[in-house]
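Trainee:
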Amino acid sequence: MGYEKVFCEYCKGSEVVRHGTQNGRSRLRCNTCRRIFKTECTYRTYEPGVKVHIVEMALHGSGIRDTSRALGVGKHTVIAAIKDIATEVMIVNPHIGSQALAAEIRYLIDSAINVPADEQWVYVGNKASQRGVVVD
């Protein structure tokens with residue numbers, strides 16, 4: 011078994027000593043800044059790169075539950091990571107907030123909604139009892 015030099019995560023000092031265990035993992039204390047830390051992550055959330063994977067999966071269209079299952083983290087962690095990155099996102103499209111663009115989009119949507127329908131299918135309760143309604 012080899013000796014590995016451990017540096018403090020906070021002050022990068024080399025005066026680190028063992029300070030017991032917690033949940034089967036070694037705790038270390040820095041004699042310089044007197045802070046206690048662990049070298050191993052207890053939860054996958056704190057591993058480096060997990061939040062980057064969450065954002066990448068969100069950008070590729072994965073859902074929150076799908077992302078949490080794939081990465082082995084909680085769904086609330088996924089939501090928090092997406093909210094954190096949402097505050098850092100810049101507005102790329104300069105037309106967002108433009109009144110002229112909003113009016114054009116509203117016109118296109120309204121013209122698509124106001125199309126006459128020939129018939130409409132409705133079901134209540136179960137799909138076996140579907141009823142067709144003819145609209146003229």
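To convert a position in the sequence shown, counted from 1, into the working numbering, add 10.
Here a beta-carbon is modelled for each residue, glycine too, at the ideal position from N, C-alpha and C.
Please read all numbers here as calculations on a predicted model, not as lab measurements.
Can you grab the Cα-Cα spacing for the pair residue 87 / residue 70, in whole Å?
Mentor: Within the sequence shown, residue 87 is the residue found at index 77, counting from 1. Within the sequence shown, residue 70 is the residue found at index 60, counting from 1. Each residue's alpha carbon lies about 18 Å from the other.
Trainee: Pop quiz: residue 60 and residue 95 are said to be a contact at Cβ under 8 Å. What is the actual Cβ separation, rounded to whole angstroms?
Mentor: The residue you call residue 60 lines up with position 50 of the sequence shown. The residue you call residue 95 lines up with position 85 of the sequence shown. No, residue 60 and residue 95 are not in contact; Cβ-Cβ is about 13 Å, not under 8 Å.
Trainee: For residue 63, name the three-state secondary structure that DSSP assigns.
Mentor: Counting from one through the sequence shown, the residue named residue 63 turns up at place 53. Helix at residue 63.
Trainee: Just grab the DSSP bridge partners of residue 40 for me.
Mentor: Walking along the sequence shown from the start, residue 40 turns up at place 30. Residue 40 is bridged to 26.
Trainee: Could you please give me the residues that DSSP links to residue 31 through a beta bridge?
Mentor: Against the sequence shown, residue 31 aligns to sequence position 21. Its beta-bridge partners are 36.
Trainee: Counting C-beta neighbours from all protein chains within 10 Å, is the total for residue 36 16 or more, i.e. buried, or is it exposed?
Mentor: Taking the first residue of the sequence shown as position 1, residue 36 is located at position 26. Exposed, by the Cβ-count rule.
Trainee: Please name the residue in 109, 33, 20 whose C-alpha comes closest to that of residue 43.
Mentor: One-based indexing of the sequence shown puts residue 43 at position 33. Selected option, being the one with the closest Cα: 20.
Trainee: Do residue 54 and residue 82 have their beta-carbon atoms positioned less than 8 Å apart in this structure?
Mentor: As a working mapping, residue 82 is identified with position 72 in the sequence shown. As a working mapping, residue 54 is identified with position 44 in the sequence shown. Against a cut-off of 8 Å, the Cβ pair of residue 54 and residue 82 comes out as a contact.
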